[in-house]
Every structure is written in C-alpha cells, then in structure tokens.
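Numbering of the sequence shown is given in this note's numbering, commencing with residue 849 and proceeding in unit increments.
Think of the CB as a built atom: it goes at the ideal place given N, C-alpha and C, for glycine as much as any other residue.
Here the structure is a predicted model, which means the values were calculated and not measured.
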Amino acid sequence: MNTALSPQPSAPPSVNGHAGLANGPYHDSNGDSAGSTSFDTQPMNGYSQQNPFQAHNDEIIRHLYHSGFQSGNYADTFLHVGGHVYRLHAIILSRSPYLAHLMSTSPQTTPHAIYVNLEHEPEVTQEGFAIALGYLYSSVSLDLIRPENARGVLAAGCLLGGMDDLCSYAYEVCRQSITVDTINDWVSFVDTMPSPSVSGVSTPVDIPPPASIFGLYAQRLREDVFNFLVVTLPNTLGISATSSPTQADQSKTGRDTLLHIFSRVPFDLFKAAVEAPQFQIGSDQARFKFAKEAIDLRKRGVARGSGAEETVVLAFGASPAGGSTVHVTRKMRKRPLWKVNSPS
849 MNTALSPQPS APPSVNGHAG LANGPYHDSN GDSAGSTSFD TQPMNGYSQQ NPFQAHNDEI
909 IRHLYHSGFQ SGNYADTFLH VGGHVYRLHA IILSRSPYLA HLMSTSPQTT PHAIYVNLEH
969 EPEVTQEGFA IALGYLYSSV SLDLIRPENA RGVLAAGCLL GGMDDLCSYA YEVCRQSITV
1029 DTINDWVSFV DTMPSPSVSG VSTPVDIPPP ASIFGLYAQR LREDVFNFLV VTLPNTLGIS
1089 ATSSPTQADQ SKTGRDTLLH IFSRVPFDLF KAAVEAPQFQ IGSDQARFKF AKEAIDLRKR
1149 GVARGSGAEE TVVLAFGASP AGGSTVHVTR KMRKRPLWKV NSPS
C-alpha cells in the first residue's frame, strides 16, 4: 500500500515517497467524506436535487486519487526522486509537460522508470513535490498547502507545469505568509534569486530578474517582499509620516524593529527601500537619520568585512519628482599602499 497525503495519528511505513502519512478519509472542497456526496442541495418542492453526472465524475476522481496516487495500484510508471519511488500512471503524469517529456525520452521498460533530479533545484522540497504530484490526480492536494510548505509546492508546480491553479493558490499562500516574523527568511530567499544590480533610485522590482524555476512568480515574490518592507512593515510597526509626537514615542519599539530588519537586508534592497518614495517614515531628515543608524548597525553585521563602505547623504533643495533627497551609496575601500625601499 502506498502513502496517503492526509496525516493520521499513527505513522505507517514509507510508501509512495512519504513516511508517517497514512490513508485517510477523503474530504472534498465542501468538507464531505468519501461516503457522502457534495451534490445534494436543499430540497425543492419536496425533492432533493442531485447532479448524477457530476457525482459520477467525482467518484472517478476519488478513485484515481486514493487507489491510483495514494495506493499506487495498477501503476505502469515508477518515478524516482530524491531516494523515493512513486508508483504512478503514465496517462495521469502526461498532464505535466515536464514529466511527459521525461517519459517520452527515457528508455522504454516495463514498468516504465523515470528519474527526476532535484539536486540543482533546492526550492523543490520532497513535500512540495508530493503535493504537486497528487494535484495531477485530484485538486484535494490544495488542502495540504500551508505557509510552511507553500514555497516548495510553488517551485514544484512551476517545475512540472500544467497546473496553473495550484501555482496560483500556492503563491497566494506565500504572499500572505510574509509577516514581521518571517520577513528575514523572505529577504534571504529573494537574495538568492538572480537579480541585476540597482543604481540611482531604481528598485529591485524595476527590472525583471533572470529566469528562475519560479518563472513569473519570482518577480511577483520580489515585489511582494519589497512592498512589505517599504509600505506594510512601517505601517504594521506604527511608523508613518503622519505620526504625532506621542505616537512617535510609542512607536520607538517598532522603529527599533524596523532598524533591525533593515540592518540585515542585502545592500541593493536596502538602498532601493530607503530611497523609495513609498517609504514614508517621516520627513527627509527622519529618513536620513534612520538610514544612518541602519548603516551603523550594518557595519557590525552584514557589511562587516565586505571590503565596501556604505554611506548615506541628504541632498539639499527640493527632491526631484518621484525621487528622494536621501541617497545611499557604497564604494570599495581603498587598499593601503606600501612603499618598498630598495636596499642601499
């Protein structure tokens, strides 16, 4: 018997690539179990209404998911990935362009064996890959997506292809999971994604980054993290340009939190955020003071030993349209020159 994706109190042996997961009652999107149907409606004129054709289709999907995916019955394709083996079905796997290509280009054996190498795709987790595989059989896999695994599911969905709804759902879970508690992790994530250097007042969301496994979602996630840093985070922490002196005193703790977070972000993101017009934390002088304090913290942290010196300047006069009078720069420190005297 293969592993089901629905968690159970007891942990059965590992099957179909999962340990500690067992077969459980199927719940459709309306919360109905396998023994009931979600197509009954309120009685009308004394008769309950049911769509027998839709109910029949749902029964087929339930059977494919439980008997086909979770149990691996009548499998004709063995999928090997990360030390796990999934007993699956070629006709279902062909819904994924990626897997269809693997099946058509790998040696034809009985049963057919295909291999997926995730060594160079660290964002595709085993859990995320399993949920994406299950989605090829049934949308019940959507119920298994949580903030902790959503990024892995999104990466797997983008890799396998042919599952736009799954990717959209996983992306939305990712977006909503960006909070004060998780922002450092998300900043680290976007820092690992290929990105062009920024200069002037450009932001890391002005230029699409090179292609990554996340496709178009890579750019969306970068924008989400950036917008959280410059708009949502200051508002959440009670820091804004319209704060009264009393509110400003009350938001000191929030300002310290904001400083701590900005002291740890990569330079390009730090520069773009501080210079962004949306970063409203008070007057230009207040923004300048904030940037200066953040740079002092950065010298003891992320910028320490980098061989570069970060500085912030406040330009005089009116700021250009849509621009900022606060500018953050970075330059490499000059190496000391040693004078060598020739022996006399």
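- Sequence-distant partners of residue 1084 (beyond 5 residues in either direction) whose C-beta falls short of 7 Å from its own C-beta, in its chain, are 1028.
- Taking 4 residues as the minimum length, the alpha helix (DSSP H) runs contained wholly in the stretch 907-953 are 938-941 and 945-953, in order along the chain.
- Ranked by Cα distance from residue 1159, the first of 1150, 1065, 978 and 1143 is 1143.
- Residue 1163 carries a coil assignment under DSSP once its states are collapsed to helix, strand and coil.
- A straight line joining the alpha-carbon of residue 1078 with that of residue 1062 spans about 23 Å.
- Within the stretch 1126-1162, complete alpha helix (DSSP H) segments of at least 4 residues are found at 1132-1147, given in chain order.
- Take the alpha-carbon of residue 978 and the one of residue 953: they are about 22 Å apart.
- Under the three-state reduction of DSSP output, residue 1028 falls in the coil class, being neither helix nor strand.
- Assignment of residue 1068 by DSSP, reduced to helix, strand and coil, places it in the helix class.
- Nearest to residue 1100 by alpha-carbon distance, out of 1082, 1114 and 1111, is 1082.
- Linking residue 997 to residue 947 through their CA atoms gives a straight-line distance of about 22 Å.
- Annotation for residue 938: 924, 925, 951 and 960 place their beta carbon closer than 8 Å to its own, counting only its chain and skipping 5 residues before and after.
- Note: residue 1178 is bridge-paired with 1158 in the DSSP secondary-structure output.
- Annotation: residue 1130 to residue 1122 spans about 12 Å, alpha carbon to alpha carbon.
- In summary, residue 994 is exposed, with fewer than 16 beta-carbon neighbours lying within 10 Å of its beta-carbon over all protein chains present.
- Nearest in C-alpha terms to residue 1135, of all of 1000, 1161, 1147 and 1114, is 1161.
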